[in-house]
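Before any comments, here is the structure.
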Amino acid sequence: MKQHDRLDAFAILATAVLTASWGFQQVVIKVTNEAVSPVFQSGLRCAGAFLLLLIWCHARGIKLFERDGTLAPGLFVGFLFATEFVFIYWALVFTDVARSILFLYTSPFMVAVGAHFLLPNERMGAAQVAGLLCAFGGLVLALRDSLSVPSPTALIGDLMMLAAAICWTVSTLVIKTTSLVKIHSAKMLAYQLGVTALTMPLALLAGESGITRFDGLVAASLAYQIVIVAFLSYLGWFALVRTYPASTLSVFTFLSPLFAMLSGAYFLNERVSPLLWIALALVVFGIWLVNRPRKKTMQA
């Protein structure tokens with residue numbers, strides 16, 4: 001598959017749609033948490049998406065179980081994916097959403113550093129680093145009203161979210177630097193959904209309550225997480241990760257928490273910072289800096 005050195009119009013539009021779906025997911029998870037325990041919910045959505053993926057691959061003739069030398073890195077990435085979401089769901093028990101978002105979105109910085117050393121063709125220039133900092137600054141500005149000195153309990157959640165960011169970073173770099181980059185994005189996703197689905201029975205063994213209430217709203221929320229997010233959006237994301245620069249894609253994820261804030265304001269009547277639009281402008285400007293073409297040096 002052709003590798004791109006920057007994002008084209010299709011990739012920009014696709015990534016914007018994906019980050020919007022992930023932002024709205026924060027509202028969906030918050031609603032569903034009242035009826036389905038956190039880690040069980042994470043495993044359930046991945047189990048459902050895994051079944052959809054199997055059906056889709058069978059219909060398209062995509063072979064998921066043939067030997068291709070990707071089992072070891074695939075299971076490792078699946079473990080990282082599962083661990084990431086266990087940390088995310090549990091972190092929200094200890095800390096608030098605003099704090100958790102800032103720690104989770106340190107991942108693009110880690111990806112940029114890792115790509116600099118591991119992926120020579122994806123090294124960032126000074127303007128791209130400035131764009132990354134600008135985008136993160138916009139995120140901090142949007143969330144500044146919710147930040148405070150952490151309590152000991154909140155600090156536990158912060159550390160969990162930082163661990164989730166590390167898992168996210170490592171999985172992205174493993175995909176880009178191993179044989180996983182050559183396989184179909186469906187198989188790449190199958191490793192991650194399959195391993196994460198195992199957290200559903202493990203959550204029950206650990207004492208989680210599972211589903212405590214089931215009604216139309218809960219069904220719709222789970223359907224959104226399974227079909228739209230865990231199946232369609234992740235399939236699209238890993239297809240992009242295979243063919244576009246990881247560091248450039250990562251900076252687009254700064255849009256996701258801003259979409260989450262807008263969704264929370266619209267659907268849950270949550271308070272939104274008056275600086276949100278300035279923050280959004282900073283994020284968009286940062287994305288532009290990261291993705292703009294580099295000037296070619298003159299040959300002597």
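The numbering of the sequence shown is the numbering used here, which starts it at 1 and goes up by one.
Using N, Cα and C, we set each Cβ at its ideal position, and we do this for glycine too.
8 Å or more divides the Cβ of S247 from the Cβ of V77. Residues of the same chain with a CB within less than 6 Å of the CB of G23, apart from the 5 flanking positions on each side, are S256, F259, A260, S263 in chain order. Residue range 234 to 243 is occupied by the alpha helix (DSSP H) that includes R242.
Collapsing the DSSP output to three states places I287 in a helix.
The beta carbon of S209 sits closer than 7 Å to those of S37, all from its chain and outside the five residues before and after it, given in chain order. Here V36 carries a strand assignment [DSSP, helix/strand/coil]. Contact annotation, A91 with M200: C-beta distance approximately 19 Å; criterion of less than 8 Å not satisfied. Nearest neighbour of S221 by Cα position, chosen from T32, V17, Q3, turns out to be T32. Within the segment 138 to 196, the complete alpha helix (DSSP H) segments of 4 residues or longer fall at 152 to 177, listed in chain order. Exclusion of the five residues before and after L44 leaves M200 as the residues of its chain whose Cβ lies within less than 6 Å of its Cβ. Of the residues V241, L52, V229, the one whose Cα lies closest to the Cα of Q26 is V229. In this structure, L193 places its C-beta atom within 8 Å of the C-beta atom of F50. A direct Cα-Cα distance of roughly 24 Å separates F94 from F109. The beta carbons of L7 and Y244 sit closer together than 8 Å. Here I211 carries a strand assignment [DSSP, helix/strand/coil]. Counting C-beta atoms within 10 angstroms of its own C-beta, E122 has 16 or more neighbours from the protein chains shown and is therefore classed as buried.
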